[in-house]
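Colleague: Residue 34 in the numbering used here sits at position 34 of the sequence shown; the count goes up by one each step and never skips. Sending over a structure as structure tokens; questions will come in a sec.
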Amino acid sequence: MAKIRFGAGVAAVTMLAISMLASTAQAAPTSTSQSGESVGIAPAEQTSWGCNTNPTTKRFNTSYTPGTISTTVYFNNHCSHGVQWSVTIFNTKDQVRRTVCAGSTPAGASGSKKFSMGLVDNFEGVNKGC
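Here it is, written out as structure tokens:
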């Protein structure tokens, strides 16, 4: 009976193959449409409006990707004053649309705010004012 000997080279190749297989499992998620085409994840929604003092060059910007039970809105206030903003959430069961005030974002501030929703709620968008 022949003995199989594994040297350092075989072990190195095995480790390389395992790491390559693991890295392919971390590829960006995609879904398949009904036509069989590969479709990527939807891009983030964006909103932007001008500041009170200089609306053409200074702006309040947001971006978000609506989730199923929560949505995180990322914001960046380029204005020299605080900006109040809100979000709209639509309840598909009761057919009720509600506005949730996010508060006032100070001048020059950026960050994020998470909005929790029920399973029958749809996140509709970000609005200026409360």
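A virtual CB, placed ideally from N, CA and C, is assigned to each residue, including glycine. All values reported here derive from a predicted model rather than from experimental measurement.
(1) With respect to the beta strand (DSSP E) encompassing K114, which residues constitute its N-terminal and C-terminal limits?
(2) Using the three-state DSSP reduction, which class does S33 fall into: helix, strand or coil?
(3) Assess, as a yes-or-no matter, whether the region 68-82 is touched by the region 91-100 under the definition of 3 or more beta carbon pairs within less than 8 angstroms.
(4) Does the beta-carbon of V143 have 16 or more other beta-carbons within 10 angstroms, so that it is buried, or is it exposed?
(5) Rounding to the nearest angstrom, what Cα-Cα distance links R59 and I69 in this structure?
(6) Out of A44, G118 and T71, which one is the CA nearest neighbour of S63?
(7) In whole angstroms, what is the alpha-carbon distance linking G111 and N54?
(8) If you reduce the DSSP assignment to three classes, tell me which class G50 lands in.
Modeller: So, to answer that:
(1) S110 to S116
(2) Note on S33: pLDDT 44, under 50, position unreliable in the model; no value is reported.
(3) no
(4) Summary: the structure shown does not reach residue 143, with the chain confined to residues 1 through 130, and so no result is reported for it.
(5) A direct Cα-to-Cα measurement between R59 and I69 gives close to 29 angstroms.
(6) Ranking the options by Cα distance to S63, first place goes to A44.
(7) 22 angstroms
(8) strand
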